[in-house]
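Chemist: Remember, this note's numbering sits 38 above the position in the sequence shown when you count from 1.
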Amino acid sequence: MTVNELVSSAVVLYMQGGREQELEYVSRSECSQLGWYFWLKNVPGVYEMEMKGYDPEMNSQGAGREDFYIRYYPALDEDVLESYSVLEQLARFDKNVFDDSEITTDMEEHEICPCCAVPQKHGNHGHEHGSGCHCGHEHGHQILKRRPKGIPGILKKFDMNKKLFMIGDLTVSINEKATSFTASLKTSKSIIERAQEAITIQQAGETTVLVEKGGIDRHVPGYELSARFMEFFCGRVLETVAKGKPAAVCVKGGPVAASGSCPNVDETADITIQYIFSKGG
């Protein structure tokens with residue numbers, strides 16, 4: 039089994055298993071061979087995982103490793119948005135860049151049903167739910183749940199710098215015998231970036247300095263946002279293709295529970311959140 043197959047199977051099994059209590063919607067990301075947007079319940083923003091590249095030679099042997107960008111797109115009224123860089127904030131508020139139209143599930147076109155991962159078919163709102171579906175929606179039934187998309191428009195996404203809105207780097211790897219797999223996310227307690235030059239805007243003909251040269255332009259709570267994603271993606275989704283519960287390890291600061299607090303390290307220190315699984319049958 040390749041990493042691509044592992045992750046795709048896990049997402050589908052999670053949704054088909056009726057475990058979607060943590061997840062409101064899911065959709066493929068159009069800008070990667072393997073990528074997903076996740077709209078988690080009780081989380082205002084949207085998580086995205088996007089594959090960095092694809093190594094067919096490694097995966098042809100039934101084992102391999104894939105690296106993913108992990109991003110978090112804050113909601114417009116979410117406090118954490120203020121911790122993102124000036125460029126990220128401007129992009130997030132730009133209606134030409136981000137699509138904040140409402141998700142109307144019965145009108146969206148996805149490869150799978152956004153609520154239950156059952157493959158869609160045209161007609162009857164694009165859904166065909168069999169007896170094994172646990173999403174609770176009858177065939178052809180209009181779904182009334184709505185939520186802002188809160189993600190970049192597809193054309194803008196292709197032009198967007200890959201580093202924007204990033205909160206960490208995720209690596210998923212399968213051992214040579216395909217008996218176990220590991221998911222490790224590298225981030226920092228706080229992701230701090232300083233301005234290379236002064237960041238200014240023009241207001242009423244005058245120049246206003248937003249960030250001084252060398253000043254902090256980005257101060258994102260990397261561990262907090264990443265741990266929340268890993269608790270869902272590893273502790274809920276990947277668990278569907280594993281044998282037993284995963285072991286969660288925070289490399290900096292020693293073992294912690296999946297929902298544990300950040301280890302006592304320097305604010306900018308690298309932190310790796312790691313889940314190790316035995317492969318299920």
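Ideal placement from N, C-alpha and C gives every residue a C-beta, glycine not left out. From a predicted model like this one, the values you see are computed outputs, not experimental measurements.
1. Distance check for Gly282 and Val50, CA to CA, integer angstroms please.
2. Starting from Asp320, trace the alpha helix (DSSP H) in both directions and tell me its first and last residue.
3. From the DSSP output, which residues share a beta bridge with Arg185?
4. Can you list, in chain order, the residues of its chain with a C-beta nearer than 7 Å to that of Ser47? Leave out the 5 residues immediately preceding and following it.
5. Do the region 245-256 and the region 221-231 meet, that is, are 3 or more Cβ pairs less than 8 Å apart?
6. Just to confirm the assignment: which complete beta strand (DSSP E) runs, minimum length 3, are found wholly within the region 255-281?
7. Looking at the structure shown, is Ser46 part of a helix, part of a strand, or coil, going by DSSP?
8. By a C-beta neighbour count over all protein chains shown, 10 Å radius and 16 as the cutoff for buried, is Arg184 buried or exposed?
9. Name the DSSP bridge partner or partners of Leu72?
10. Between which two residues does the beta strand (DSSP E) carrying Leu61 extend?
11. Roughly how far, in whole angstroms, is the beta-carbon of Met204 from the beta-carbon of Arg66, given that I think they are within contact range, below 8 Å?
12. Could you tell me the boundaries of the alpha helix (DSSP H) in which Ala129 lies?
13. What is the DSSP secondary structure of Asp115, counted as helix, strand or coil?
14. Distance, Cα to Cα, Phe270 vs Gly83?
Modeler: Taking the coordinates as given:
1. Mapped onto the sequence shown, residue 50 falls at position 12. Mapped onto the sequence shown, residue 282 falls at position 244. Distance between the alpha carbons of Val50 and Gly282: 18 Å.
2. Because the chain spans 39 through 319 in this model, residue 320 falls outside it and cannot be assessed.
3. As a working note, residue 185 is residue 147 in the sequence shown. Paired residue(s): Ile141.
4. Working through the sequence shown from its first residue, we reach residue 47 at position 9. Correct list, in chain order: Val279.
5. yes
6. none
7. Here residue 46 is taken as the residue at index 8 of the sequence shown, counted from 1. Looking at Ser46 - three-state DSSP - the assignment turns out to be helix.
8. By 1-based counting over the sequence shown, the position of residue 184 is 146. The residue is exposed, with fewer than 16 neighbouring Cβ atoms inside 10 Å.
9. Stepping through the sequence shown from its first residue, residue 72 is reached at position 34. DSSP, once it has assigned bridges, lists no residue as partnering Leu72.
10. The sequence position of residue 61 within the sequence shown is 23, counting from 1. 61-66 is the extent of the beta strand (DSSP E) around Leu61.
11. The residue you call residue 204 lines up with position 166 of the sequence shown. The residue you call residue 66 lines up with position 28 of the sequence shown. With 8 Å as the limit, Met204 and Arg66 do not qualify as a contact, their Cβ atoms being about 19 Å apart.
12. By one-based count along the sequence shown, residue 129 stands at place 91. Counting along the chain, the alpha helix (DSSP H) containing Ala129 begins and ends at 124-131.
13. The residue you call residue 115 lines up with position 77 of the sequence shown. It is coil, neither helix nor strand.
14. Walking along the sequence shown from the start, residue 270 turns up at place 232. Walking along the sequence shown from the start, residue 83 turns up at place 45. Approximately 14 Å, taken between the alpha carbons.
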